[in-house]
Amino acid sequence: MAFPEIFSSEYPKVKKAIRAWGDRSLPTSPYFVKYGKLADLKKLYDEGQIRIRPASDYSDPSLNPAIRDKELEAVVGLPVGTRLKRQSDNGEYQEIPLVGRIFSRKKSETDFYIYCTAAKYDHRLFDGFESDACLLVHEPKGFVMKIVEACKQGYSVWLFAEKMVCYYDPLRFNGIEDISFSKHFRFWYQREYRIVLKPKDPIKRLEPIKLSLGKVSDLCELIVL
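In the numbering used here, the protein residues as written are -7 to 217.
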């Protein structure tokens, strides 16, 4: 099979990804893909061992642009024409002179855990996530339940949720309701489906955790570049 040279510079792993994918067909029912390092994914596939990172970890400047993000906050522009007032010492409200666009910053009250996956397979994401393998999870409900059951062992009173991420335009205020499932639309191409574990009471900083899911090899397939 001949490959256009256009792939070689921006997406050097696409050739390997196409070969590794082979003659597979995309699942016709819902699925998700976990991209990552072979050593980590093999440990998950073979032993059911998984590592979940807190949202605060993703602001690490050493991470590449496809992964690095301020997951604990969202900054969006308020509608054009928004007016602000402040209360003076005499109790009256005076309008604040404004120049340019007004932006609002919304922050999470707590750190939380995120397990990120992609809801659609894409050869190019191996490069974006600096991955040399992926898990094609063809039984997502069963996989998620494995994580839920593992979390109950030590985090029974925590809040658990899973769904597609909502991507927002930073120049349009769209009433972001849940920061834990909201991301800047520059990440839209990743089609992220995430699992979130949030403490019942706010915690400023969390550390990565390891969970044992038990057997998962019957729920997914390991694809290696």
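Idealized CB from N, CA, C, for every residue including glycine.
These numbers were taken from a predicted model, which means no experiment stands behind them.
Residue i, DSSP secondary structure in three states
{"i": "Glu39", "result": "helix"}
{"i": "Phe152", "result": "strand"}
{"i": "Tyr50", "result": "helix"}
{"i": "Lys34", "result": "helix"}
{"i": "Glu65", "result": "strand"}
{"i": "Leu198", "result": "coil"}
{"i": "Ala9", "result": "helix"}
{"i": "Ser204", "result": "strand"}
{"i": "Arg45", "result": "strand"}
{"i": "Tyr181", "result": "helix"}
{"i": "Ser17", "result": "coil"}
{"i": "Ile187", "result": "strand"}
{"i": "Glu168", "result": "For clarity, residue 168 is Ile in the given sequence; the question names Glu instead. Looking at Ile168 - three-state DSSP - the assignment turns out to be coil, as it is neither helix nor strand."}
{"i": "Ile(-2)", "result": "Residue confidence is low: Ile(-2) scores 49 on pLDDT, short of 50, so the model does not pin down where it sits. No coordinate-derived value is stated."}
Residue i versus residue j: straight-line alpha-carbon distance, rounded
{"i": "Gln145", "j": "Leu205", "result": "11 Å"}
{"i": "Ser51", "j": "Lys62", "result": "5 Å"}
{"i": "Lys112", "j": "Arg97", "result": "30 Å"}
{"i": "Asp32", "j": "Ile42", "result": "8 Å"}
{"i": "Arg11", "j": "Lys5", "result": "10 Å"}
{"i": "Arg178", "j": "Tyr107", "result": "19 Å"}
{"i": "Asp114", "j": "Tyr181", "result": "9 Å"}
{"i": "Val25", "j": "Tyr159", "result": "19 Å"}
{"i": "Arg183", "j": "Asn56", "result": "18 Å"}
{"i": "Met156", "j": "Gln86", "result": "42 Å"}
{"i": "Ser21", "j": "Ala9", "result": "22 Å"}
{"i": "Lys190", "j": "Ser100", "result": "11 Å"}
{"i": "Arg45", "j": "Ile187", "result": "11 Å"}
{"i": "Val136", "j": "Tyr3", "result": "30 Å"}
{"i": "Ile(-2)", "j": "Leu214", "result": "The predicted position of Ile(-2) is uncertain, since its pLDDT is 49 and thus under 50; a value taken from the coordinates is nonetheless stated next. About 27 Å."}
{"i": "Ala142", "j": "Lys196", "result": "23 Å"}
{"i": "Val68", "j": "Pro162", "result": "4 Å"}
{"i": "Phe121", "j": "Leu30", "result": "12 Å"}
{"i": "His130", "j": "Lys7", "result": "24 Å"}
{"i": "Tyr185", "j": "Lys175", "result": "12 Å"}
{"i": "Gly134", "j": "Leu211", "result": "7 Å"}
{"i": "Lys35", "j": "Leu127", "result": "11 Å"}
{"i": "Leu198", "j": "Glu39", "result": "25 Å"}
Whole-number beta carbon distance between residue j and residue i, since they are thought to touch under 8 Å
{"i": "Val132", "j": "Tyr23", "result": "In the sequence as presented, Val is not what sits at residue 132; that position holds Pro. With a Cβ gap of about 6 Å, Pro132 and Tyr23 count as contacting."}
{"i": "Pro117", "j": "Ile94", "result": "Just to set this straight, residue 117 is Leu in the shown sequence, not Pro. Leu117 to Ile94, Cβ: 35 Å. No contact."}
{"i": "Ala125", "j": "Val216", "result": "5 Å"}
{"i": "Lys192", "j": "Trp150", "result": "6 Å"}
{"i": "Pro194", "j": "Asp49", "result": "In fact, because the Cβ distance is near 17 Å, the residues do not count as touching under 8 Å."}
{"i": "Leu64", "j": "Ile171", "result": "7 Å"}
{"i": "Ala58", "j": "Asp103", "result": "Not quite, the Cβ-Cβ distance comes to about 22 Å (not below 8 Å), so this is no contact."}
Counted within 10 angstroms of its Cβ, other Cβ atoms place residue i as buried (16 or more) or exposed
{"i": "Lys138", "result": "buried"}
{"i": "Pro89", "result": "exposed"}
{"i": "Ala153", "result": "exposed"}
{"i": "Leu18", "result": "exposed"}
{"i": "Pro119", "result": "Residue identity check: residue 119 is Asp in the sequence provided, not Pro. Buried: at least 16 other Cβ atoms inside 10 Å."}
{"i": "Arg16", "result": "exposed"}
{"i": "Gly28", "result": "buried"}
{"i": "Lys207", "result": "exposed"}
{"i": "Ser209", "result": "exposed"}
{"i": "Ser123", "result": "buried"}
8 Å Cβ cutoff, residue i in contact with chain C
{"i": "Val129", "result": "As a matter of chain content, chain C is missing from the structure shown, which is built from one protein chain."}
* To do: For the region 69 to 144, list the beta strand (DSSP E) runs that are entirely contained and at least 3 residues long, ordered along the chain.
  => Restricted to the region 69 to 144, the beta strand (DSSP E) segments that are unbroken, complete and at least 3 residues in length are 77 to 79, 85 to 87, 95 to 99, 105 to 110 and 125 to 129, listed in chain order.
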